[in-house]
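So the structure is just underneath, and the comments pick up after that.
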Amino acid sequence: MNLSSSSQDTKFILYAQHGWADTSREIGRLAKTLAGDRALIVTPNLGWWQTWWRIEPLIAKVEAIASTTKREYPDLPWRIIGHSMGGLIWLELLHRHPEWCECVESLVLIASPIGGADLARIIDPGFWGFSIARDLGQNRRILANSIAQKIPTLAIAGDIDNGSDGTIPVSSTEIEQAHWVKLSGLSHPQLKNTPELLPIIQQFWDNPVILPNRDFSPTQKAIRYLQTVPGMTDTHPRHFWRSRIVVTLADGGTIRLWYNPLRVLHVFVSDALENCLYCGFVGWQQTQKLEMAIAQYWNNNYS
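Counted the way the working numbering counts, the sequence shown spans residues 1 to 303.
The structure is reproduced here in structure tokens:
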């Protein structure tokens with residue numbers, strides 16, 4: 001573990017967690033630039049090789065460090081930054097330790113695949129557990145939404161090809177009631193420590209608030225419904241043009257389906273102008289569940 005020294009001038013604890021196939025070096029630099037001498041900076045180094053196998057031991061390691069730090073500094077508030085899988089680790093920890101939420105001033109998730117990493121799901125389509133892919137492909141949107149209702153949350157995405165940062169889909173970073181920023185032209189690795197993050201995070205720190213609930217349009221409601229279908233993983237909208245309309249929504253939006261050559265079912269949601277707003281897919285085991293979920297949505301809302 002990398003731990004900065006504490007002094008009487010320390011205002012908060014800053015946890016900065018690296019992600020998959022990485023070490024704490026780059027995100028540690030980001031944390032130091034952001035916090036300077038104001039914070040006790042904790043940057044657990046999980047080990048490059050260890051990030052390839054399972055997420056559970058990594059969660060346990062960060063959990064032990066956070067528990068020890070809390071005992072030693074019980075009165076200092078927390079600020080948390082997680083890049084990629086590092087954000088997922090903290091979502092799991094805050095879910096498992098709701099008592100920690102009271103001391104968290106803010107949560108910043110940088111390029112974290114809340115809706116699942118589609119590349120990981122392709123590697124492990126059935127969640128068989130051959131590697132970390134099973135854990136990275138999991139959809140944690142419901143969990144993230146619940147945490148963003150209690151902790152001011154900022155989610156940051158990169159976009160290099162109108163749909164992804166080259167590693168995860170842009171849409172997989174979005175969370176209800178969280179602030180959301182998209183940085184065009186920045187890839188997944190670049191988001192570990194780029195100067196463009198500094199004013200965005202600092203501005204959020206200056207005014208960390210929980211966004212209120214919004215009124216959603218019929219198309220937005222359909223997206224949020226589909227995101228909760230078991231096995232759903234967000235993905236790139238590049239194949240939107242191949243899909244066929246199966247439901248037309250009250251505001252002119254549409255739900256569309258497409259099977260890829262491997263018979264993996266993709267679902268797309270567009271607005272009335274045929275702009276793709278969401279794309280996800282399910283594994284072979286969940287194909288029938290998705291079809292039934294769409295039929296049920298139609299029957300409940302439009303029949």
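Just so it is clear, CB atoms sit at the ideal spot from N, CA and C, and this is done for glycine as well.
Once DSSP output is grouped into helix, strand and coil, what is the label at residue i?
{"i": "Tyr302", "result": "coil"}
{"i": "Ile200", "result": "helix"}
{"i": "Tyr297", "result": "helix"}
{"i": "Arg263", "result": "coil"}
{"i": "Arg256", "result": "strand"}
{"i": "Ala178", "result": "coil"}
{"i": "Gly86", "result": "helix"}
{"i": "Pro169", "result": "strand"}
{"i": "Thr228", "result": "coil"}
{"i": "Ser187", "result": "coil"}
{"i": "Val209", "result": "coil"}
{"i": "Ser217", "result": "coil"}
{"i": "Arg29", "result": "helix"}
Taking the alpha-carbon of residue i as reference, which of the options has the nearest alpha-carbon?
{"i": "Ile151", "options": "Lys11, Pro261, Leu107, Pro189", "result": "Leu107"}
{"i": "Asn45", "options": "Arg244, Ala66, Thr33", "result": "Ala66"}
{"i": "Asp251", "options": "Ile123, Glu92, Tyr302", "result": "Tyr302"}
{"i": "His179", "options": "Ile210, Ala111, Asp159, Gly158", "result": "Ile210"}
{"i": "Gly283", "options": "Phe204, Ala120, Ile160, Leu183", "result": "Ala120"}
{"i": "Leu290", "options": "Tyr259, Thr173, Gly137", "result": "Tyr259"}
{"i": "Tyr15", "options": "Asp22, Asp9, Gly158, Leu34", "result": "Leu34"}
{"i": "Leu88", "options": "Lys70, Pro199, Arg71, Ile59", "result": "Ile59"}
If I measure Cβ to Cβ from residue i and keep anything under 8 Å in the same chain, skipping five residues before and after, which residues do I get?
{"i": "Ala293", "result": "Tyr225, Leu226, Val229"}
{"i": "Arg256", "result": "Phe240, Ser243, Arg244, Ile245, Val246, Val267, Phe268, Val269, Ser270"}
Going by the DSSP bridge assignment, what does residue i pair with across the sheet?
{"i": "Ile13", "result": "Leu40, Trp78"}
{"i": "Cys276", "result": "Ser270"}
{"i": "Ala157", "result": "Lys182"}
{"i": "Thr233", "result": "Phe281"}
{"i": "Leu107", "result": "Ile80, Thr153"}
{"i": "Ser164", "result": "Pro169"}
Just checking my contact of residue i with residue j at CB under 8 Å: how many whole Å lie between their CB atoms?
{"i": "Gln190", "j": "Gln149", "result": "That belief does not hold up - the Cβ atoms of Gln190 and Gln149 are roughly 30 Å apart, past 8 Å."}
Beta-carbon within less than 6 Å of residue i's beta-carbon, same chain only, minus the 5 sequence neighbours each way: which residues are those?
{"i": "Thr254", "result": "Ile245, Thr248, Ser270"}
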